[in-house]
Amino acid sequence: MTQVTTDNRIRNIIIALAAVILSAALFFGLQTQTNSTSLEAQAEQSIPIETALANGKPTLTEFYANWCTSCQAMAPEIAEIKKQYGNSVNFVMLNVDNNKWLPEILRYRVDGIPHFVYLNKGGKAIAQTIGEQPKSIIEANLNALIADSTLPYASSTGQTSNFNLGSTENADPRSHGAQVVSE
Numbered sequence: 001m002t003q004v005t006t007d008n009r010i011r012n013i014i015i016a017l018a019a020v021i022l023s024a025a026l027f028f029g030l031q032t033q034t035n036s037t038s039l040e041a042q043a044e045q046s047i048p049i050e051t052a053l054a055n056g057k058p059t060l061t062e063f064y065a066n067w068c069t070s071c072q073a074m075a076p077e078i079a080e081i082k083k084q085y086g087n088s089v090n091f092v093m094l095n096v097d098n099n100k101w102l103p104e105i106l107r108y109r110v111d112g113i114p115h116f117v118y119l120n121k122g123g124k125a126i127a128q129t130i131g132e133q134p135k136s137i138i139e140a141n142l143n144a145l146i147a148d149s150t151l152p153y154a155s156s157t158g159q160t161s162n163f164n165l166g167s168t169e170n171a172d173p174r175s176h177g178a179q180v181v182s183e
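Residue numbers (the UniProt record's numbering): 1 to 183.
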């Protein structure tokens with residue numbers, strides 16, 4: 001009887017240790033993934049637009065929203081692209097839900113997100129793409145931007161989330177926060 005009790009205790013201790021180790025691994029794995037690819041984390045790490053326009057480097061400006069499923073889907077690839085091109089290109093992120101960026105939203109005619117604006121070294125907008133873009137297209141455009149040549153995919157359009165200026169207080173939840181403003 002004591003052998004069975006001892007065996008059960010050892011088994012229970014091993015199971016408990018395995019559960020703790022797996023829980024810790026899962027927790028830290030999710031923390032690392034979330035911190036490096038979340039839209040909020042990337043926005044906090046992005047370069048302020050004023051700095052980007054003044055430092056003489058080309059810039060990729062992304063208009064996004066936290067509720068935008070296309071923006072969320074692209075976040076891990078954008079994080080990888082930022083690591084690869086961060087020394088050569090400014091990465092600016094502007095949240096369309098922040099009224100502070102209304103002048104930029106109007107200037108670049110943002111009506112769907114994600115909306116990417118490619119700015120040359122002088123801060124002039126030379127191309128825009130709207131919607132979910134494959135990593136290869138963004139990289140091709142960035143390589144051309146760095147080389148100061150014509151962007152190969154200057155006006156591509158992928159899957160977007162609609163964005164309309166106006167209050168989202170009474171918006172339909174299926175509209176991802178967008179609301180049609182009637183005049």
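Beta carbons: idealized from backbone N, C-alpha and C, even for Gly.
| query | result |
| --- | --- |
| Enclosing alpha helix (DSSP H) for Glu132 [first to last residue] | Premise fails: Glu132 is in no alpha helix (DSSP H) and is neither H nor E. |
| Cα-Cα separation, Leu94 to Leu26 | 31 angstroms |
| Nearest-angstrom Cα separation, counted from Glu104 out to Asp111 | 12 angstroms |
| Selection from Gly122, Ala147, Tyr153 and Ser149 that minimises the alpha carbon distance to Ser136 | Tyr153 |
| Own chain partners of Thr34 with C-beta closer than 6 angstroms, once the 5 adjacent residues on each side are dropped | Below a pLDDT of 50, predicted positions are generally treated as unreliable, and Thr34, at 43, falls in that range; the measurement from the model is reported next regardless. Closer than 6 angstroms at Cβ, skipping near neighbours: no residue. |
| Assumed close pair Thr59, Val89 - CB separation to whole angstroms, cut-off 8 angstroms | 7 angstroms |
| Length at least 3, wholly inside the segment 51-82: the beta strand (DSSP E) runs in chain order | 59-64 |
| Distance between beta carbons of Ile138 and Ile81, contact taken as under 8 angstroms | 6 angstroms |
| Cβ neighbours of Ile49 in the same chain (closer than 6 angstroms, five flanking residues each side left out) | Val92 |
| Gln84 to Leu53 span [Cα, whole Å] | 21 angstroms |
| Assigned secondary structure, residue 187 (DSSP; H/G/I helix, E/B strand, else coil) | Residue 187 lies beyond the range of the chain shown here (1 to 183); nothing can be said about it. |
| The alpha helix (DSSP H) enclosing Asp39, as first and last residue numbers | A small fix is needed here, since residue 39 is Leu in this sequence, not Asp. First-last of the alpha helix (DSSP H) with Leu39: Leu39 to Gln45. |
| Local conformation of Tyr85 per DSSP, three classes | helix |
| Exposure label - Gln45; buried when at least 16 CB within 10 Å | exposed |
| Ala127 versus Trp67 - alpha carbon distance | 25 angstroms |
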